[in-house]
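Worksheet for the structure shown next.
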Amino acid sequence: MKTLDESFEIISQKISSFPKTLIILGSGWNKLLDEVKIEQRISYQELFGIETSVPGHTGELVIGTVGTKRIAYMSGRFHMYEGYSGEEATLSIRLFAKAGLKKLITTAACGGLNEKYKVGDFVILSDMITLLLALDNPLKGPQFIDVSEVFNAEMRKKAVKICVEHEIPFHEGSYVYYHGPNFETPADKMALRFLGADVVGMSTVPETLAARALNIDVLGLVFVTNLAFVKHNHKEVLAEADKASGMMKILLKNVV
4 MKTLDESFEI ISQKISSFPK TLIILGSGWN KLLDEVKIEQ RISYQELFGI ETSVPGHTGE
64 LVIGTVGTKR IAYMSGRFHM YEGYSGEEAT LSIRLFAKAG LKKLITTAAC GGLNEKYKVG
124 DFVILSDMIT LLLALDNPLK GPQFIDVSEV FNAEMRKKAV KICVEHEIPF HEGSYVYYHG
184 PNFETPADKM ALRFLGADVV GMSTVPETLA ARALNIDVLG LVFVTNLAFV KHNHKEVLAE
244 ADKASGMMKI LLKNVV
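The opening position of the sequence shown corresponds to residue 4 in the numbering used here, with each subsequent residue numbered one higher.
As structure tokens, then:
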């Protein structure tokens, strides 16, 4: 993996003005790029010296516009279960912050733990549980950042308004990080629900912490692709997300 300075040199040469907003497109969310007037693509191999190994993640930085809004998109992300440290997995956040990033919208597929949630529901994240990060935490040293409001209230309010106006099924809830790469056991899910988590996934939390440490405002959006006590696999995750791609596009196009 390249260093922060090496990646910054590449991005400085290729992009004269980095957008103020970044959307991380998680599993199943890539169809938004169909709506984007693309001006530039940079592969992760070129920018970071590595590629993402997760199916459904194309592994590139895309710069483009939707309407009049110029946005940066990460098509796929890096996970700790791929063998990266928390610091390595969030190199992109530190890089783009150095380039001028001010707002982050992170998206992902997730498993529903709350019994009121259904497959096909969107969740606007109101909080997150970091207890299981342990050595995956991307923050090192005496940072002691305030995460009493980890997800930006105004951005959340706007997302709620869009969901209501467009009749998109949604909840507001808490996300818990799970390292993976295996899905959670039934006992894991019972314990995580007991802790207060509404949904569970293998991303989102590290990059959110990294962004907040750099004073970047964050909005977390996830899509329920499977329920807690039903067998599931990654192909089904992508299939469920594909069914909802139209609503994903509406939400993301309007929330930026």
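Glycine included, each C-beta is placed from N, C-alpha and C at the ideal position.
Close Cβ partners of residue i (< 8 Å) along its chain, the five nearest in sequence each way excluded
{"i": "residue 140", "result": "89, 133, 209, 212"}
{"i": "residue 148", "result": "142, 212, 215, 216"}
{"i": "residue 84", "result": "182, 183, 184, 205"}
Alpha carbon of residue i to alpha carbon of residue j, nearest angstrom
{"i": "residue 153", "j": "residue 52", "result": "30 Å"}
{"i": "residue 146", "j": "residue 179", "result": "22 Å"}
{"i": "residue 267", "j": "residue 32", "result": "Outside the displayed span of the chain (4 to 259) sits residue 267, for which this structure offers no information."}
{"i": "residue 118", "j": "residue 8", "result": "46 Å"}
{"i": "residue 75", "j": "residue 185", "result": "30 Å"}
{"i": "residue 218", "j": "residue 199", "result": "26 Å"}
{"i": "residue 201", "j": "residue 259", "result": "25 Å"}
Nearest to residue i (by Cα), restricted to the options the options
{"i": "residue 77", "options": "47, 230, 182, 201", "result": "47"}
{"i": "residue 223", "options": "256, 145, 110", "result": "110"}
{"i": "residue 101", "options": "38, 66, 12", "result": "12"}
{"i": "residue 107", "options": "113, 114, 98", "result": "98"}
{"i": "residue 130", "options": "230, 248, 177", "result": "177"}
{"i": "residue 36", "options": "187, 63, 49, 17", "result": "63"}
6 Å CB neighbourhood of residue i in its chain, flanking five on each side removed
{"i": "residue 93", "result": "141, 209, 210, 213"}
Presumed contact (8 Å Cβ cut-off) between residue i and residue j, rounded CB distance
{"i": "residue 253", "j": "residue 127", "result": "Going by Cβ atoms, the distance from residue 253 to residue 127 rounds to 14 Å, so no, they are not a contact pair."}
{"i": "residue 123", "j": "residue 203", "result": "Rounded, the Cβ-Cβ distance is 17 Å, inconsistent with contact."}
{"i": "residue 30", "j": "residue 112", "result": "4 Å"}
{"i": "residue 66", "j": "residue 43", "result": "4 Å"}
{"i": "residue 226", "j": "residue 81", "result": "So it is not a contact: roughly 20 Å between Cβ atoms."}
{"i": "residue 248", "j": "residue 72", "result": "At roughly 19 Å, the Cβ-Cβ gap does not stay under 8 Å, so residue 248 and residue 72 are not in contact."}
*Output the residue ranges of the alpha helix (DSSP H) runs that lie fully inside the region 130 to 178 and measure 4 residues or longer, sorted by chain position.*
156 to 168
*asked:* Ignoring anything shorter than 3 residues, give me the beta strand (DSSP E) runs that lie fully in the region 5 to 59, in order along the chain.
replied: 24 to 28, 40 to 46
_What ranges does the beta strand (DSSP E) occupy inside the region 194 to 226, keeping only unbroken runs of at least 3 residues that lie completely in it?_
202 to 204
*Mind listing, in chain order, the continuous beta strand (DSSP E) runs of no fewer than 3 residues lying wholly within the region 52 to 123?*
63 to 69, 72 to 78, 106 to 115
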